[in-house]
Amino acid sequence: SQHAKLKIWEERIYLLPNLKTLNFHSNEFEEIPESIQQLRKLEHLNLNKNRLTVVGTELDKNHLLKHLSLGHNNIYVIHTDFNQLKYLKYLDLAGNKLIELPQSIGALSNLKHLNLNNNPLENLPKSIRNLINLEKLYLFNTQIAKETVDYLKTKMPNCDILYSKK
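Numbering (the working numbering), first residue to last: 1 to 166.
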């Protein structure tokens, strides 16, 4: 439930195995429970504006995810195996505390939008060049060097890279 200030996940939600959309925007969740893996048909997950700090492997079995919003939390590390999320098209990680991204992000071959705005990122993994379907890469207010962005533009000519440095 959106804006409900929930702190714990309602366990009955897992009695809905055909659930496709879950919007927990603006709550107080500090972690994503392992049991979310039971929602195998989940396609849209919005956890923007919570209190998440770590994204572990709890999403690795949600293979059908297309839209994942984790923006405006306190996430500083991601352990997700993006190799498992082949259908992901939209990934919002804006407004977190990410210093780096996992190499496996390059496995998101269907990704079209990647929002990394407002993170203290200094570098991007080399695998980011593998995102051949990426249309928009948002890098506003990061620590990434302009030279890196210019290089990416040559390697990813079909991607609109929106950039400014903090």
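From the three backbone atoms N, C-alpha and C, an ideal C-beta is built for every residue, glycine too. Keep in mind the model is a prediction, meaning the values are calculated, not measured.
Kindly identify the DSSP beta-bridge partner or partners of residue i.
i, result
"Ser164", "Phe140"
"Asp92", "Ser69 and Asn115"
"Thr21", "His44"
"Val55", "Ile78"
Count the other CB atoms within 10 Å of the CB of residue i; is the residue buried (16 or more) or exposed (fewer)?
i, result
"Asp92", "buried"
"Ser69", "buried"
"Thr21", "exposed"
For residue i, which three-state DSSP category applies?
i, result
"Glu100", "coil"
"Ala107", "helix"
"Leu16", "coil"
"Lys146", "helix"
"Ser127", "helix"
Which whole-angstrom value describes the C-beta separation of residue i and residue j, a residue pair presumed to lie in contact below a C-beta threshold of 8 angstroms?
i, j, result
"Asn18", "Lys41", "5 angstroms"
"Leu116", "Tyr138", "6 angstroms"
"Ser109", "Lys86", "7 angstroms"
"Ile105", "Phe82", "5 angstroms"
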